[in-house]
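Student: Everything in the sequence shown is counted per full-length UniProt numbering, starting at 1 for the first residue and increasing by one.
All C-beta atoms, glycine included, are put in the ideal place defined by N, C-alpha and C.
This is the structure I want to talk about, given as structure tokens.
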Amino acid sequence: MIHVEGISKTFAGGFQALKSVDLEIRRGEIFALLGPNGAGKTTLISVICGLVNASAGRVLVDGHDNVRDYRAARQLIGLVPQELTNEAFTTVWDTVTFSRGLFGKPKDPAHIEKVLRALTLWEKRDNRLLELSGGMKRRVLIAKALAHEPLVLFLDEPTAGVDVELRREMWEVVRELRHQGVTIILTTHYIEEAEEMADRIGVIRRGEIVLVEEKAALIHKLGSKELTLHLHEPL
Ligand code: ADP
1 MIHVEGISKT FAGGFQALKS VDLEIRRGEI FALLGPNGAG KTTLISVICG LVNASAGRVL
61 VDGHDNVRDY RAARQLIGLV PQELTNEAFT TVWDTVTFSR GLFGKPKDPA HIEKVLRALT
121 LWEKRDNRLL ELSGGMKRRV LIAKALAHEP LVLFLDEPTA GVDVELRREM WEVVRELRHQ
181 GVTIILTTHY IEEAEEMADR IGVIRRGEIV LVEEKAALIH KLGSKELTLH LHEPL
């Protein structure tokens, strides 16, 4: 579904955040990109989604080059950021409908209803965002990202800063989406989250993918302790 080939990113000022990253994401899997803060997770996601230009390399999204064929590639991607931006006075329904419109897709109330029901937001459709709980706001972020019917969903640190109960709720939502056939890529610095959710795990450190494995094989091979070391060694 996603083919990442030789992606490097050097920011203005000379800092190299990504160093020749190669990665394949399979159709229908949940892939966890695991790494400490500052490892390059958000930068890699931003490059794959075409929001940040790479310094070298290329990304194909279902065969579409994400720079030369940006519109086609971007249509296939839903991106769930960490926080809602300033839409406090808009209703859930309007927020999600507007997101679909941004992709130039025709209105489809039946699809919006399906998304809101899947995320148990249907009863809240006429509420303004400022009236929602933290968990509901997180679900609105996902609903927005699904509004244009993407095949791939990126979740950037979906449970950063949320309590245990809400974390479990988010995991359930993500599993259900995969069940419906959406390919999922999530970034996390919680090893438990990768263990809990992923089919495969990629570990990124200092802008390099240091390993990619089936979750079971990885846990078996390294044991969580060594994996934890990867995550807590100083950058
Ligand atoms: P992660 O998501 O794994 O926490 P990021 O991708 O956000 O890591 O950041 C990777 C590194 O790149 C960090 O050292 C960060 O400071 C640096 N970085 C991120 N964005 C920029 C930018 N726009 N300009 C310069 N450096 C940046």
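Rounded to whole angstroms, what is the Cα-Cα separation between residue 7 and residue 52?
Tutor: Computed Cα separation, rounded: 12 Å.
Student: Over the uninterrupted alpha helix (DSSP H) stretch that includes residue 98, give me the two end residues.
Tutor: Unbroken alpha helix (DSSP H) run through residue 98: 92 to 102.
Student: Which value, in whole angstroms, describes the spacing of the CA atoms of residue 107 and residue 149?
Tutor: Their backbone Cα atoms lie some 12 Å apart in a straight line.
Student: Are three or more beta carbon pairs between the segment 173 to 184 and the segment 205 to 214 nearer than 8 Å?
Tutor: With the cut-off at 8 Å, the segment 173 to 184 and the segment 205 to 214 do not touch.
Student: Helix, strand or coil for residue 26? Go by DSSP, reduced to three states.
Tutor: DSSP places residue 26 in coil when its eight states are reduced to three.
Student: Between the segment 179 to 196 and the segment 154 to 167, can you find at least three pairs of beta-carbon atoms closer than 8 Å?
Tutor: Enough Cβ pairs lie closer than 8 Å, so yes.
Student: Taking one C-beta from the segment 45 to 63 and one from the segment 117 to 128 each time, how about it: are there three or more such pairs within less than 8 Å?
Tutor: No, because fewer than three Cβ pairs between the segment 45 to 63 and the segment 117 to 128 fall closer than 8 Å, the two stretches do not touch.
Student: Within 7 Å: the Cβ of residue 11 and any heavy atom of ligand 1?
Tutor: Result yes, Cβ under 7 Å from ligand 1.
Student: Judging by CA-CA distance, which residue of 75, 132, 64 is the nearest neighbour of residue 88?
Tutor: Among 75, 132, 64, the Cα nearest to that of residue 88 belongs to 132.
Student: Beta carbon of residue 80, beta carbon of residue 145: below 8 Å?
Tutor: In contact: residue 80 and residue 145 (Cβ atoms closer than 8 Å).
Student: For residue 19, which of helix, strand or coil comes out of DSSP?
Tutor: Residue 19 falls in the strand class under three-state DSSP.
Student: Is residue 53 near ligand 1, judged by its Cβ being under 7 Å from some heavy atom?
Tutor: For ligand 1, not one heavy atom lies less than 7 Å from the Cβ of residue 53.
Student: What are the partner residues of residue 9, as DSSP defines its beta bridges?
Tutor: Answer is 18.
Student: Per DSSP, which one or two residues make a beta bridge with residue 152?
Tutor: 77, 183.
Student: By Cβ distance below 8 Å, which residues in the same chain neighbour residue 10 in space, the five residues on each side in sequence not counted?
Tutor: Contacts found: 16, 17, 55.
Student: Using only alpha-carbon positions, find the residue among 192, 152, 181, 151 that is nearest to residue 171.
Tutor: Comparing Cα-Cα distances from residue 171 to each of 192, 152, 181, 151, the minimum goes to 192.
Student: Quick one: is residue 200 buried, meaning 16 or more other Cβ sit within 10 Å of its Cβ, or exposed?
Tutor: So residue 200 ends up on the buried side.
Student: Going residue by residue through the segment 27 to 70, where are the continuous beta strand (DSSP E) segments of at least 3 residues, counting only ones entirely within it?
Tutor: Here the runs fully enclosed are 30 to 34, 56 to 61.
Student: Tell me the DSSP bridge mates of residue 211?
Tutor: In DSSP, residue 211 forms a bridge with 203.
Student: Please report the Cβ distance between residue 65 and residue 76, rounded to the nearest whole angstrom; I am assuming they are in contact, meaning their Cβ atoms lie under 8 Å.
Tutor: Not confirmed; about 12 Å, so no contact.
Student: Three-state secondary structure (DSSP) at residue 174?
Tutor: Reduced to three states, the DSSP call for residue 174 is helix.
Student: If you check the beta carbons only, do residue 128 and residue 91 fall under 8 Å apart?
Tutor: Yes. Within cutoff.
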